[in-house]
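Undergrad: Just add 225 to the spot in the sequence shown (first one is 1) and you have this note's numbering.
Handing you this structure, nothing more for now.
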Amino acid sequence: MWVSGTQQHSFAVGLNYMHPVGDYLALSLGYLNEGHPRNHHRDGISGQIWLRTPVGQNGLSWAVGAGQYYFFDTSRPHDASSGPYINDHGWAPIYSVQALWHHPERWYTQVQLNRVIPQGAKDPTTSLMLGVGYRFDSVRGDKLHLDGPSTDDTLTLLSGQSIVNSFESERAHAYSLEYRRAVGRYVDWTVNYLYEGSSPATHRTGLASQLWLIRSLTTHLELGMGVGPYLAIDVHDVPGARSHKAGLASLATRYHFSKRVVGTLSLNRVVTDYHRDADLLMLGLGYTY
226 MWVSGTQQHS FAVGLNYMHP VGDYLALSLG YLNEGHPRNH HRDGISGQIW LRTPVGQNGL
286 SWAVGAGQYY FFDTSRPHDA SSGPYINDHG WAPIYSVQAL WHHPERWYTQ VQLNRVIPQG
346 AKDPTTSLML GVGYRFDSVR GDKLHLDGPS TDDTLTLLSG QSIVNSFESE RAHAYSLEYR
406 RAVGRYVDWT VNYLYEGSSP ATHRTGLASQ LWLIRSLTTH LELGMGVGPY LAIDVHDVPG
466 ARSHKAGLAS LATRYHFSKR VVGTLSLNRV VTDYHRDADL LMLGLGYTY
């Protein structure tokens with residue numbers, strides 16, 4: 226990954242889901258981490274529209290995409306080498322070009338070039354990425370394990386780690402109790418009690434509610450993305466202002482071991498307006514009834 230203007234470079238990693246719309250169009254949701262150039266740790270979630278060549282069983286295909294990227298940037302003002310940090314949020318256009326070589330059995334290798342152009346004083350970035358993927362062509366995509374669109378009620382207990390989005394990355398043990406209900410074959414609704422643990426930067430707990438887009442990858446495996454509000458209480462906080470309205474954005478995969486038992490792995494981003502963003506990496510086991 227290259228930073229225009231400052232001539233810096235760093236790593237870049239991403240995860241992308243693309244949904245075909247006919248032979249020549251596609252929609253995608255993705256996560257992009259733009260690495261750690263000096264005094265900036267930026268990542269975010271993107272949505273793009275793609276124009277692509279038809280995808281065959283084997284061989285080469287091309288695609289170009291454009292969309293919007295909602296970023297989270299942990300930075301130091303005025304490019305200071307130390308001192309207070311801020312959690313900056315905003316929208317930026319993202320443009321991409323990709324080449325895919327399709328292998329037998331639906332696997333493919335992908336090379337993708339991304340260009341992110343934020344507004345204001347922030348420098349644009351260019352990332353060149355190499356990856357592998359899998360096409361779920363034969364899977365319908367809705368919640369295949371369901372007998373009906375509203376029979377998936379799940380209570381899940383999760384445990385993991387919270388990481389404050391600062392340059393010190395303060396960590397703590399985190400816990401969550403989640404109620405999930407399928408409100409459609411592609412949409413879930415959740416209510417979570419979150420305890421983010423106690424670290425030198427935060428001691429936060431609260432309730433969150435999210436709507437999810439869900440895609441079944443197999444009869445047992447799901448992938449989803451959820452967003453929603455988070456009402457949080459922080460003990461270590463600015464005096465006189467301990468209750469906060471925040472947001473929660475999440476990526477999760479769920480595996481149905483049986484009709485009643487389901488495992489969950491989730492990555493959650495707490496989005497705040499007082500520079501206390503945090504990541505929650507959680508693993509849990511739930512019961513479906």
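Virtual Cβ for every residue (Gly too), placed ideally from N, Cα, C.
Please read all numbers here as calculations on a predicted model, not as lab measurements.
On the three-state DSSP scale, how would you describe R267?
TA: Note: R267 maps to strand in three-state DSSP.
Undergrad: Can you check DSSP and say which residues form a bridge with S237?
TA: Reading the sequence as shown, one finds Ala at residue 237 and not Ser. DSSP, once it has assigned bridges, lists no residue as partnering A237.
Undergrad: Can you tell me where the beta strand (DSSP E) holding T444 begins and where it ends?
TA: Neither: T444 is in no beta strand (DSSP E) and is coded neither H nor E.
Undergrad: Measuring straight from C-alpha to C-alpha, what distance separates A324 and R360?
TA: Spanning the two alpha carbons is a distance of roughly 15 Å.
Undergrad: Evaluate R501 with the Cβ neighbour count: other Cβ atoms within 10 Å of its Cβ, from every protein chain shown; 16 or more gives buried, anything less gives exposed.
TA: By the 10 Å Cβ count, R501 comes out buried.
Undergrad: Return helix, strand or coil for R410, following the three-state DSSP convention.
TA: Correct three-state label for R410: coil.
Undergrad: What does DSSP give as the partner residues of D378 in its beta bridges?
TA: Answer by DSSP bridge pairing, in chain order: R406.
Undergrad: Which whole-angstrom value describes the C-beta separation of R429 and A457, a residue pair presumed to lie in contact below a C-beta threshold of 8 Å?
TA: With a Cβ gap of about 5 Å, R429 and A457 count as contacting.
Undergrad: Please report the residue range of the beta strand (DSSP E) in which M507 lies.
TA: Here the beta strand (DSSP E) through M507 covers A503 to T513.
Undergrad: Taking C-alpha atoms, which residue in N264, F297 and G247 lies nearest to N258?
TA: Taking only the C-alpha atoms, the option nearest N258 is F297.
Undergrad: Can you grab the Cα-Cα spacing for the pair V487 / H261, in whole Å?
TA: V487 and H261: Cα-Cα distance of roughly 35 Å.
Undergrad: Along the chain, where does the beta strand (DSSP E) that runs through H314 open and close?
TA: Here the beta strand (DSSP E) through H314 covers I311 to H327.
Undergrad: Following the continuous beta strand (DSSP E) through M354, name the residue where it begins and the one where it ends.
TA: It spans T350 to Y359 - the beta strand (DSSP E) in which M354 sits, taken as one unbroken run.
Undergrad: Based on Cα-Cα distance, which residue from A433, G255, Y310 and H398 lies nearest to Y404?
TA: The option with the nearest alpha carbon to Y404 is A433.
Undergrad: Determine the direct distance from the alpha carbon of L338 to that of V228, and round the result to whole angstroms.
TA: Approximately 14 Å between the Cα atoms of the pair.
Undergrad: Taking a contact to mean a Cβ-Cβ separation below 8 Å, would you say E421 touches A477 in this structure?
TA: No.
Undergrad: When the Cα of P302 is compared with those of R277, N264 and I274, which residue comes out closest?
TA: Closest by alpha carbon: N264.
Undergrad: Apart from the five residues just before and just after P245, which ones in its own chain have a Cβ nearer than 6 Å to its Cβ?
TA: So the list reads A251, once near-sequence residues are dropped.
Undergrad: Assuming contact is defined by CB atoms lying nearer than 8 Å, are I319 and G284 in contact in what I supplied?
TA: No; because the gap between Cβ atoms is not below 8 Å, this pair is not in contact.
Undergrad: Compute the beta-carbon to beta-carbon distance between M507 and A397, rounded to the nearest angstrom, for a pair I have assumed lies under 8 Å.
TA: In fact, because the Cβ distance is near 13 Å, the residues do not count as touching under 8 Å.
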